[in-house]
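Chains as they are written, first to last, in the numbering used here: chain A, 1 to 109; chain B, 110 to 634; chain C, 635 to 1011.
Listed below in structure tokens is the structure:
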């Protein structure tokens, strides 16, 4: 699936683009340029990218930006977006107050 | 213990249909939905649906939602609203936030019908307030009765972009243009045509360069793109708008399945990241099913059928119906699903240019590029004929799975035949009685009743009209052509509204007879 | 693709990556093999980010203290990535007298080794950190402890090592080691590729046990389950690392504003899933929230945005194995981090590089030998 196993694979130089300052992940305010640059730091998977930059780690958990990030990464890494495994999703599906989470009604009611 | 035979997540068309089917088979069913109103996207759909009678065609989406909900309640389905499913665990246990606490619920089977969310595209200024999803605009207008803006540009010419543009105008917004980077309109031609005839320009092979404004949208610049979707210099066009609507596709909301450990695949044909499912919708986790948009983006009509199939599948999985009964149900539903997946917009044709109809007629290129069939093209379609006296003119020019018009005419003037995607034809030697049922029943608003020659040099055109204010008899104005441009003087001679029309008003306008086949909309002056 | 290197490192977690960096910096040719598709997918992505000395076993303290004194302060600068290191101190909290007894013993042992850590009362706790529960009756306070971002740190070592020429191959699961003429030589992966090196560093967490068995070495190690949760961003409150005497939870506020807490509830899954499965059991997040609110009640309105969990390697005595293997010359072990390997990751990486090139190590690692385990029955 992942064809970018060799992390010394040459993806060329980072070339600045005029729209590098455009926000891609709104929740965490990560720009296109940051994502592109991270690829040149060796960030080759969606999972690594969000650990490195926090994209997709905010309130919407990447529902909005993951397709966008994937497209940007694929272009930068010179691979097909299909070769990028989507990042995993984590519970809870929506942000929940700690107090409510703590009030675990168990199997009652 | 909160245990159910089946726990369903999502009370949209797929989830409710699944619940109904499972409850009919004697199962104890609960449906969770995070919204305060059930029905999912159906409750935002104020337009009439396509399809056949079995697909609830010509019924408005929100009515279908109400019907499904009533049926579910009548069958004893428990629908829990404002219930946020937080996680799905291997033992088919779900944690659900209900009110101010977390509950644990287990099902012997689980159906995930969480639907989809809107895609975004990026351009300079895309994060400004005023750039919204088309679905969000629909929620604002149709659920919360709030106009999303006054002057709006729509990006995306798929069915969502077309339908929402029309609804925005119904809500009183001005749509300044419909833009799509693709060289052809993506949605149904009839949806495009009803937008175009009101005068909204289409900009194909164009996309947004920039949303302007400092703290909210005050304008937008679009430009033409080449085959590689690169901007062509000096093709920029500016519009003063306060809202930009994005209708650029949907992505399945498959996170819950992903989180549960279901095998996930990326399938662009199904809209993105979707669960791997068998022919009954069962995921890689036995007893966990997926139905509706979450397992592949399609229309609500398909989602309802998929829901019924998965409701039947869980019933068989847990022994509530026999294998034979399941097979029978699948046969019926798959036939319905197949019929919906036919025609020019069938999944297999996605992205392809279909140049001829099934009947061998050249598809209107104007329709694909500008949103309307040109006057010189319209005559080649079988629904467009000439007769003495009043007769239906069906400007239905693409093979789409829809046939309510056939049944609407009690006099047998209209025929589609057994193939639901065939173009409607006017039956020879039939006689139109000017009842208007065909006009009101056409979900695409593509049927007109025309009397080409009243004898005094004038003609009448009866057209569907779903805007307010509704012009009164005697109102003078302009007849607009299919392209939305004024072509002639026109006067409203009759306004009909019957219960059977289901809120589609029939406006009859009198125009000079040479415009009988040209004037297709009315604008009061 | 080249399949030989001077040093082959098995495991692309914080330890493996740090070792790769310090080796590359010393001019050694190094190749890292990571089983997962992503770098840093093991324990390095499932921990609370503590960079602590307090609460540690005396055998770990020397290198834990070295790391905090000499490595962490300049790490961001050195690696060119902000690893979000904050030396805000560590409070290990007590809610009842029995907790104080635990803390007292830990403080005494650490003080004997020269660590500045002291037992303080509830009033002093609230002076240091006014955001905590009034029910807290005391704590140990170690002002030189802190926290950092484990995921960024792990990837920062990777990035810098890569820039220095270290080769990393992901999705390459090692299944076997082989000797050649009495020395370690080959590393065999699931895909059938055979890599060769003069030295092999085994830093593959729990999987190290199965791998080392192939050259006749068994490290007494088992697994335990830990979960983490993170909240949405909160206004800046404190940069103190929090722990509790009972070790139920630990956590801190990140630069980003969110709070990260780790914990183990004992509600772990009934079977060990594959390492890529980071799901949390159904009762876990609720239990963790209750526990966190006992110590930091003002977080009750903070929203939990995500949770994740996973299995970590733990040795019989809860102290890592960092050791050469005389029976297999050229094999170095760095595993069994027992859930507290992140904070010492840089120091362990440095130690490993020193072992490879024959430098005098920063401390004596004899107490961390692989053959120290004896049955106490």
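C-beta atoms are modelled at their ideal positions from N, C-alpha and C, and glycine is treated no differently.
Computed from a predicted model, the values in this text were never measured in an experiment.
Check the Cβ of residue i against every Cβ in chain A and list those closer than 8 Å, keeping chain order.
i	result
residue 233 of chain B	19 and 22
residue 211 of chain B	96, 100, 101, 103, 104 and 105
residue 228 of chain B	67
residue 362 of chain B	63
residue 936 of chain C	97 and 98
In chain A, which residues lie less than 7 Å from residue i when you measure between Cβ atoms?
i	result
residue 890 of chain C	54
residue 367 of chain B	88 and 89
residue 802 of chain C	7
residue 381 of chain B	67
How should residue i be labelled, buried or exposed, when 16 other C-beta atoms within 10 angstroms of its C-beta is the threshold for buried?
i	result
residue 713 of chain C	buried
residue 73 of chain A	buried
residue 657 of chain C	buried
residue 140 of chain B	buried
residue 692 of chain C	exposed
residue 500 of chain B	buried
residue 67 of chain A	buried
residue 482 of chain B	buried
residue 634 of chain B	exposed
residue 841 of chain C	buried
residue 459 of chain B	exposed
residue 142 of chain B	buried
Ends of the alpha helix (DSSP H) at residue i?
i	result
residue 410 of chain B	409–426
residue 786 of chain C	784–797
residue 153 of chain B	Residue 153 of chain B -> no alpha helix (DSSP H), and no H or E assigned at all.
residue 440 of chain B	432–449
residue 925 of chain C	918–929
Per DSSP, which residues does residue i bridge with? Please list them.
i	result
residue 320 of chain B	B:329
residue 115 of chain B	B:138 and B:218
residue 724 of chain C	C:776 and C:875
residue 886 of chain C	C:894
residue 225 of chain B	B:361
residue 352 of chain B	B:261
residue 595 of chain B	B:589
residue 614 of chain B	B:574
residue 557 of chain B	B:502
Would a C-beta distance cut-off of 9 Å place residue i and residue j closer than the cut-off?
i	j	result
residue 684 of chain C	residue 890 of chain C	no
residue 836 of chain C	residue 857 of chain C	no
residue 504 of chain B	residue 555 of chain B	yes
residue 861 of chain C	residue 898 of chain C	yes
residue 513 of chain B	residue 172 of chain B	no
residue 219 of chain B	residue 129 of chain B	no
residue 864 of chain C	residue 892 of chain C	yes
residue 563 of chain B	residue 619 of chain B	yes
residue 677 of chain C	residue 839 of chain C	yes
residue 62 of chain A	residue 69 of chain A	yes
residue 416 of chain B	residue 222 of chain B	yes
residue 749 of chain C	residue 772 of chain C	no
residue 602 of chain B	residue 628 of chain B	no
Starting from residue i, trace the beta strand (DSSP E) both ways and give me its first and last residue.
i	result
residue 1014 of chain C	Because chain C spans 635 through 1011 in this model, residue 1014 of chain C falls outside it and cannot be assessed.
residue 831 of chain C	828–836
residue 32 of chain A	Not the beta strand (DSSP E): residue 32 of chain A falls in the alpha helix (DSSP H), residues 32–40.
residue 859 of chain C	855–865
residue 819 of chain C	817–823
By the criterion of Cβ-Cβ separation under 9 Å, what are the contact partners of residue i in chain B?
i	result
residue 897 of chain C	By Cβ distance, chain B contributes nothing, its closest Cβ being about 17 Å from residue 897 of chain C, past 9 Å.
Using the beta-carbon of each residue, which ones in chain A are nearer than 9 Å to residue i?
i	result
residue 195 of chain B	91, 92, 93, 94, 96 and 101
Residue i touches chain C at which residues, Cβ-Cβ below 7 Å?
i	result
residue 110 of chain A	Residue 110 of chain A lies beyond the residue range present for chain A, which begins at 1 and ends at 109; the question has no answer from this structure.
residue 85 of chain A	671
List, in order along the chain, the chain B residues whose C-beta lies closer than 7 Å to that of residue i?
i	result
residue 75 of chain A	Within 7 Å Cβ-Cβ: nothing; residue 75 of chain A doesn't reach chain B, min ~13 Å.
residue 920 of chain C	211
Going along chain B, which residues have a C-beta under 8 Å from residue i?
i	result
residue 26 of chain A	236
In chain C, which residues lie less than 9 Å from residue i when you measure between Cβ atoms?
i	result
residue 434 of chain B	In chain order: nothing, as chain C lies at least about 34 Å away.
At 8 Å on the CB atoms, spell out the chain C contacts of residue i, in chain order.
i	result
residue 343 of chain B	Under the 8 Å cutoff, chain C gives no residues; its nearest Cβ is about 42 Å from residue 343 of chain B.
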